[in-house]
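Enquirer: Residue numbers (my numbering), protein chains in the order written: chain G, 1083 to 1308; chain Y, 1083 to 1308.
Pasting in a structure now, in structure tokens, and then I'll have a few things to ask.
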DNA sequence: ATTAATTTTAAATAGTTGTTTAAATTAATT
DNA sequence: AATTAATTTAAACAACTATTTAAAATTAAT
């Protein structure tokens, strides 16, 4: 048997005519295929805009399988939503805990947000919109939220305030300052392009500019000179 | 006839028994009732989450009337969406044109955003989400967008940059800085309350704090000290 | 007062929604 | 190889969707 690994992840097995080998194609589990397809569609269209048939079509699966594996559209959504929320926050918390100085950390946070908004442009508006529409159903026992208050960043902030190198700002004030300025222009990407007459390339340049302004502005404000 | 104007806008007319006067009760036009009801529901649930029956129920009108007056749910939505976009932008442009110094104007912008987010908490997330989902259908001939580039604020910014009192920042960079920090914490109001364990009152205090930080931070950055 | 136009109504349209069924197929276990 | 379990299928379900119809009720015009 000759095996050629291909670029796109497929494995092609050429079996000799007189071989008694059998090939078991271990394809992705149906459950996972559905969940990934649903994630894509939910992110793009939101819960209300997504139909069971949209998901089945995207996953290339029979319409009944969503309910076979996940019991209902709602249950599937809640599973996916929890994953997305955890991803979003774990990412943030792990940067807040990095052993670097506070200026670098602010820069890292902003760079990370910038990267995320480019790679997953639907993610933040999706989270915000779904929570805004129905705040209660989407917060089960997500205790990992409280982690932020015990991150290294929080400790660094308090120390800096204590020894007079940082301005007296609460953690809940400074983090939104860091996150909002970059995320906002991506949240309203189409509006901004329209208002200021920017092409895709021009927007990208503009977003880069904005990123640097935000870094400078926040550090200017937070870090006290002499 | 004795007329008493009431607090809630109702007018009560008491007609004397032997009077030959007739009272014509000019109630709100059905078309307007539907549009206003639709506006409320669309803002709360979004286009996909709103059904024709939701609108009819909210307006207390027959289900067929929406299509009688507006031809379709889509047409009604587009009309309302255009109104909302214009309201949002005209409000902003009129502040940008106010004959006050740039520091006051930044403060006014932030105060206005703060007020708006409190009074119409669904407005900004609604605009962003609907445009994000379907950018093309929602921009017909909205040329009023370009107004921003010719506001007094823009002129003041360029003058300040020219005479060295202001940092060299493009208009498209500074306006999102002003708007994002306040709007963002309201966009994610429920998330922020959850993360930092805030009650409604605590959130309001926190939002006030944030507002003042943002004012100071932006002015610090933009306005260069002698 | 009669006619014409407008507005409102209940009912029906055809299509879509999330979900279920029961049979068919495949895989795992004995 | 036979039996059991797990997966997949096509078809159906009732409820709901946006929209239309045609008749009724109301208002305006003559």
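Every residue gets a Cβ at the ideal spot worked out from N, C-alpha and C, and that includes glycine.
#1: Would you please verify whether the beta carbon of residue 1307 (chain G) is less than 8 Å from any beta carbon of chain Y?
#2: Using 8 Å as the cut-off, can you tell me whether the region 1209-1226 of chain Y makes contact with the region 1273-1286 of chain Y, which would need three or more C-beta pairs spanning the two stretches below that distance?
#3: If the cut is a Cβ gap below 7 Å, which residues of chain G does residue 1221 (chain Y) touch?
#4: Exposed or buried, residue 1032 (chain Y), counting other C-beta atoms within 10 Å across all chains shown (16 or more means buried)?
#5: Say yes only if the C-beta of residue 1276 (chain Y) is nearer than 7 Å to one or more non-hydrogen atoms of the ligand SAH, and no if none qualify.
#6: Taking only beta-carbon atoms, is residue 1180 (chain Y) less than 8 Å away from chain G?
#7: In angstroms with no decimal places, state the Cα-to-Cα distance between residue 1163 (chain Y) and residue 1217 (chain Y).
#8: Using DSSP with H/G/I as helix, E/B as strand and the rest coil, what is residue 1256 (chain Y)?
#9: Quick check on residue 1199 (chain G) - is its C-beta less than 8 Å from some C-beta in chain Y?
#10: Any idea what DSSP makes of residue 1299 (chain G), helix, strand or coil?
#11: Secondary structure at residue 1230 (chain Y), three-state DSSP: helix, strand or coil?
#12: Between the C-alpha atoms of residue 1265 (chain G) and residue 1110 (chain Y), what's the straight-line distance to the nearest angstrom?
#13: Taking Cβ-Cβ distances shorter than 8 Å, what residues in chain G pair up with residue 1290 (chain Y)?
#14: How would you call residue 1246 (chain G), buried or exposed, if buried means at least 16 neighbouring beta carbons within 10 angstroms?
#15: On a Cα-Cα basis, can you pick out the residue from G:1125, G:1185 and G:1201 that is closest to residue 1297 (chain G)?
#16: In chain order, which alpha helix (DSSP H) runs of at least 4 residues are fully inside the region 1103-1148 of chain G?
#17: Kindly indicate which three-state DSSP category residue 1167 (chain Y) falls into: helix, strand or coil?
#18: Taking Cβ positions, are residue 1299 (chain Y) and residue 1278 (chain G) nearer each other than 8 Å?
#19: Which term fits residue 1290 (chain Y), buried or exposed, when burial requires 16 or more other beta carbons within 10 angstroms of its beta carbon?
#20: Can you give me the Cβ contacts of residue 1231 (chain G) inside the same chain, cut-off strictly under 8 Å, excluding the 5 residues immediately before and after it?
#21: Taking the alpha-carbon positions, what's the residue 1135 (chain G) to residue 1227 (chain Y) distance?
Expert: Reading it off the structure:
#1: Start at 1 with the first residue of the first chain, and residue 1307 (chain G) comes out as number 225. Chain Y contact via Cβ: absent.
#2: no
#3: Taking the second chain and counting its residues from 1, one reaches residue 1221 (chain Y) at position 139. Residues of chain G with a Cβ closer than 7 Å to the Cβ of residue 1221 (chain Y) are, in chain order, 1276.
#4: The requested residue 1032 (chain Y) does not occur in the structure, where chain Y is confined to residues 1083 to 1308.
#5: This structure lacks the ligand SAH, and indeed carries no ligand of any kind.
#6: Working through the second chain from its first residue, we reach residue 1180 (chain Y) at position 98. It does not: the Cβ of residue 1180 (chain Y) has no partner Cβ on chain G nearer than 8 Å.
#7: Taking the first residue of the second chain as 1, we reach residue 1163 (chain Y) at position 81. Taking the first residue of the second chain as 1, we reach residue 1217 (chain Y) at position 135. The alpha-carbon atoms of residue 1163 (chain Y) and residue 1217 (chain Y) are separated by roughly 12 Å.
#8: On the second chain, position 174 is the one that residue 1256 (chain Y) refers to. Three-state result, residue 1256 (chain Y): helix.
#9: Within the first chain, residue 1199 (chain G) is the residue found at index 117, counting from 1. No, no contact with chain Y.
#10: Working through the first chain from its first residue, we reach residue 1299 (chain G) at position 217. In the structure shown, residue 1299 (chain G) sits in a helix (DSSP, three-state: H, G or I).
#11: Translated into positions along the second chain, residue 1230 (chain Y) becomes position 148. Here residue 1230 (chain Y) sits in helix by DSSP.
#12: Against the first chain, residue 1265 (chain G) aligns to sequence position 183. Against the second chain, residue 1110 (chain Y) aligns to sequence position 28. Taking the straight line joining both Cα atoms gives about 42 Å.
#13: Here residue 1290 (chain Y) refers to the residue found at position 208 when the second chain is read from its first residue. Per Cβ cutoff of 8 Å: no residues; residue 1290 (chain Y) is ~11 Å from chain G at best.
#14: Numbered from 1 along the first chain, position 164 holds the residue referred to as residue 1246 (chain G). By the neighbour-count rule (16 or more Cβ atoms within 10 Å), residue 1246 (chain G) is not buried but exposed.
#15: Walking along the first chain from the start, residue 1297 (chain G) turns up at place 215. Out of G:1125, G:1185 and G:1201, G:1185 has the C-alpha closest to the C-alpha of residue 1297 (chain G).
#16: 1112-1131 and 1134-1141
#17: Position 85 of the second chain, counting from 1, holds the residue named residue 1167 (chain Y). Note: residue 1167 (chain Y) maps to helix in three-state DSSP.
#18: By one-based count along the second chain, residue 1299 (chain Y) stands at place 217. By one-based count along the first chain, residue 1278 (chain G) stands at place 196. It is not a contact, given that the beta carbons lie outside the stated cut-off.
#19: Along the second chain, one-based indexing puts residue 1290 (chain Y) at 208. By the neighbour-count criterion, in which 16 or more other beta carbons inside 10 Å mark a residue as buried, residue 1290 (chain Y) falls on the exposed side.
#20: For this step, residue 1231 (chain G) is matched to residue 149 along the first chain. Excluding its 5 nearest sequence neighbours in each direction, residue 1231 (chain G) has C-beta neighbours in its own chain below 8 Å: 1253, listed in chain order.
#21: Sequence index remark: in the first chain, residue 1135 (chain G) carries index 53 (1-based). Sequence index remark: in the second chain, residue 1227 (chain Y) carries index 145 (1-based). Between residue 1135 (chain G) and residue 1227 (chain Y), the C-alpha separation is close to 38 Å.
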